[in-house]
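Per my numbering, the sequence shown starts with residue 42, numbered consecutively. Each remark here refers to the structure printed beneath this line.
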Amino acid sequence: MSDRTEQHRGAQSAPEPPGPGSRRLALLLALLATLCVGVALQVTDATRRIENDTIDVRHRLRETPPPPQVLVVGIDSNSFSALGERWPWPRWLHARAVRALTRAGAKTIVYDVQFTEQSENLDADWALFRAIQDSRRTVLATTEVGTDGSTLVLGGDDNVREAHAMAGAANFSADAGGVLRRVPYSVGGLKSLAVAAVETTTGQPVDPAQFGEGEALIDFVGPPGRITTVSFVDLIEGRVPGRLLRGRIVVVGATAPSLQDMHATPTAGHAPMPGPEVQANAILSVLNGLPLRSSPDWFALIAVVAMAMIAPLLALRLKLQIALGVALLAAAAYVLAAVWAFERGLIIPIVVPILTLVTGMATSTLARYLGETRQRRRYAWYSAVLEREVAARTAEVREAQLEIVERLGQAADWREAEIGRHIERVGRLCEALALDVGYEAHEADTIRLAAALHDIGKIGIPDSVLLKEGALSRDEWNVMRGHTTIGGDILAGSSAPLVRYAEEIARSHHEHWDGNGYPSGLAGKEIPRAARICAICDVFDALLSKRSYKEAWPLLSVIEEMRGLSGKQFDPDLLAAFIGIAPRMFETLDYGEAPRVRDTSPSTVAPRR
42 MSDRTEQHRG
52 AQSAPEPPGP
62 GSRRLALLLA
72 LLATLCVGVA
82 LQVTDATRRI
92 ENDTIDVRHR
102 LRETPPPPQV
112 LVVGIDSNSF
122 SALGERWPWP
132 RWLHARAVRA
142 LTRAGAKTIV
152 YDVQFTEQSE
162 NLDADWALFR
172 AIQDSRRTVL
182 ATTEVGTDGS
192 TLVLGGDDNV
202 REAHAMAGAA
212 NFSADAGGVL
222 RRVPYSVGGL
232 KSLAVAAVET
242 TTGQPVDPAQ
252 FGEGEALIDF
262 VGPPGRITTV
272 SFVDLIEGRV
282 PGRLLRGRIV
292 VVGATAPSLQ
302 DMHATPTAGH
312 APMPGPEVQA
322 NAILSVLNGL
332 PLRSSPDWFA
342 LIAVVAMAMI
352 APLLALRLKL
362 QIALGVALLA
372 AAAYVLAAVW
382 AFERGLIIPI
392 VVPILTLVTG
402 MATSTLARYL
412 GETRQRRRYA
422 WYSAVLEREV
432 AARTAEVREA
442 QLEIVERLGQ
452 AADWREAEIG
462 RHIERVGRLC
472 EALALDVGYE
482 AHEADTIRLA
492 AALHDIGKIG
502 IPDSVLLKEG
512 ALSRDEWNVM
522 RGHTTIGGDI
532 LAGSSAPLVR
542 YAEEIARSHH
552 EHWDGNGYPS
562 GLAGKEIPRA
572 ARICAICDVF
582 DALLSKRSYK
592 EAWPLLSVIE
602 EMRGLSGKQF
612 DPDLLAAFIG
622 IAPRMFETLD
632 YGEAPRVRDT
642 SPSTVAPRR
């Protein structure tokens, strides 16, 4: 190859293929966007209401038996019917209830009914005061607290102390959806009813640090009715077994819907729960050390970051469908972990981490799509450039291959000065005939190239035979015929289609259809088809060409001569097809020295073949 070609190749270096960098950059941007969304949702608390709904579901999924520590005495519709009293009831009825609970051995009596004003019956008021004083274990509710934490319960704090009782704030603050979820440590300086009840029960102060910023989550044990409840009228009429009351914290309060002390809680789809049962759940939570706690803020941020990173990593490593499946499994696993943690008293956020994961998958999928679209465009550009490069190199290789084949073909006949353009014309004739009988274009082109080597075996023929003028002797003919075997052996054993065709042609192009050819005496379709094609084209060109031992034959004489050899020397079908294209090929290949019509009788000397 020339220096100029080498310089040309060096100057046109192939472009670098597109790499994964753009895809990684897109996924990194998706990660940053997801982190921003997740952190913003977490910091701004924008999803608090939805998060509360998930907590409600976790409450409903949890199954707990009725707790033995607390019991509710309900001022219910049945009690109103049985007692026939209008609300507010005379306080002697409440006094009977306190004394019944005291006799039964209740651990603490929590009265969720407000006694902040003097009633019309002073005797009833004194009866209640003495019952509370005698029990020495009563906690009284109020929702009215002075700025200094003072109350008007039983006429004032001095009376409460004299009755050996405690007052507690019964207030709860509802969330934005009107659901009671938290119990305060104190309200306006007065300890909450739950805290006062627990301190009365245990005789120990409750640590306010447990309440964080002043409130703590109520660990509801179940839906309305889960805490054991008895009727007020059954209590005062002695129909409640003492063993059911002994040692328990008993909350007395209104459960009749007409008294409108009903509240939405996280349990049972926000079904209304009576106020006394809410208080009982709050008391039980404080008594148990407030077991239900929210995870710290740092955990939520870690969860957000982890979920934000999952999606880009999956999108980078896995196929989209698999990545989506794994992300779904990750989300399910996280939710199950949150439910498991809730069973053990820890509330971990669900909404923001899952939204972060969903956002991450959406942004990563979009980034991946955009990145792959851009990459496909780059690959398309690169492929086009590469195809041009490959086509150029292939053309160079093919040209070199053709030139080598032609020069090898000519090497066999370089000693025959009359060879002229014989090799080129035979190749083109073979290509035209191959196309005419149904070969694909690339196969026909391969046969064209292979035909150039049909006489390669003449390299092994001595000059004394190859260049002899005049007729050859029998022995010389035998030597000349050996060029087919020599050529076939030279080309044998290759896996390349071109060389395989060339071997078939070189070895068998002198075989005859009737079996009288050489070197193997093959007949009919035993002769490779490419060799049968070349045999026709070789004789056609040889007869039309002027040689040292003969003149060029006219076209019509050649056709007439070859038609006479149909079924003898040549394949009849291939010859018929060739005769159909012969006039056109005669004009195309410009056999200038051969007349179209015979003017004189042709030489009787046949071409040497």
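C-beta: ideal position from N, C-alpha, C; glycine also.
Between ILE577 and LEU616, the gap from beta carbon to beta carbon is short of 9 angstroms. Classified as exposed, LEU508 has fewer than 16 neighbouring CB atoms from the shown chains inside 10 Å of its CB. Annotated as proximal: ILE290 and VAL151, with beta-carbon spacing under 9 angstroms. Under a 10 Å Cβ-count criterion, TRP422 is classified as exposed, with fewer than 16 other Cβ atoms of the shown protein chains found around its own Cβ.
Below 8 angstroms, enough C-beta pairs join the region 132-152 and the region 169-185 to call them touching: three or more. In this structure, HIS524 sits away from GLY565, with a CB-CB distance that is not shorter than 9 angstroms. Counting along the chain, the unbroken beta strand (DSSP E) around LEU112 starts and ends at 111-116. Around the beta carbon of ASN162, a 10 Å sphere encloses fewer than 16 other beta carbons of the protein chains shown; the residue is thus reported as exposed. Taking 9 angstroms as the cut-off, the Cβ atoms of ARG548 and GLY529 count as close.
Put simply, of GLN362, ILE395 and CYS575 the residue whose alpha carbon is nearest the alpha carbon of ALA374 is ILE395. Of the other Cβ atoms in all chains shown, fewer than 16 fall within 10 Å of the Cβ of ALA533; this residue is therefore exposed. Between GLU318 and ILE268, the gap from beta carbon to beta carbon is short of 9 angstroms.
Secondary-structure assignment with DSSP links PHE611 through a beta bridge to SER607. Judged by DSSP in its simplified three-state form, ARG429 adopts helix. The region 245-257 makes no contact with the region 267-281: fewer than 3 CB pairs, one atom from each, lie closer than 8 angstroms. The shortest CA-to-CA distance from GLY401 to any of ALA382, ALA372 and PHE261 is the one to ALA372. Shown here for SER607: same chain residues with a beta carbon closer than 6 angstroms to its own, the five before and five after excluded, namely PRO613 and LEU616 in chain order. The residues LEU328, in chain order, have a CB closer than 8 angstroms to that of THR243 in the same chain once the five nearest residues on each side in sequence are set aside. DSSP, read as helix, strand or coil, puts GLU602 in helix. Of the candidates ALA182, GLU158, ALA147 and ASP198, the residue whose Cα lies closest to the Cα of ASP175 is ALA147. The straight-line gap separating the alpha-carbon atoms of GLY196 and SER160 is approximately 11 angstroms. Taking C-beta atoms under 8 angstroms as the contact rule, ALA145 and ARG287 qualify, at a distance of about 6 angstroms.
If you draw a straight line from the Cα of ALA235 to the Cα of ALA364, it comes to about 49 angstroms. In this structure, ALA206 lies away from VAL186, with their beta-carbon atoms at least 9 angstroms apart. A direct Cα-Cα distance of roughly 13 angstroms separates ALA208 from GLY229. Where SER176 is concerned, the enclosing alpha helix (DSSP H) starts and stops at 163-176. Residue state for PRO624 is assigned as helix, using DSSP reduced to three classes. Taken in chain order, the unbroken stretches of alpha helix (DSSP H) that lie wholly in the region 319-392 and span 4 residues or more are 338-358 and 361-384. DSSP places THR179 in the strand class (E or B) of the three-state scheme. By the criterion of a C-beta distance shorter than 6 angstroms, ARG466 is surrounded in its chain by ASP582 and LEU630, once the five residues flanking it on both sides are discounted. For VAL399, the closest C-alpha among the options TRP381, ALA368 and GLY501 is that of ALA368.
Here the alpha carbons of ARG417 and ALA217 stand approximately 50 angstroms from one another.
Annotation note: the region 197-281 contains the following uninterrupted beta strand (DSSP E) runs of length 3 or greater, listed N- to C-terminal: 207-210, 223-225, 256-258 and 270-272. The beta-carbon distance between LEU102 and VAL380, rounded to whole angstroms, is 6 angstroms. This is short enough to meet the 8 angstroms contact definition.
Contact between ASP153 and VAL271 is ruled out by a C-beta separation of about 15 angstroms, above the 8 angstroms threshold.
By the beta-carbon neighbour count (other beta carbons within 10 angstroms, threshold 16), ARG434 is exposed.
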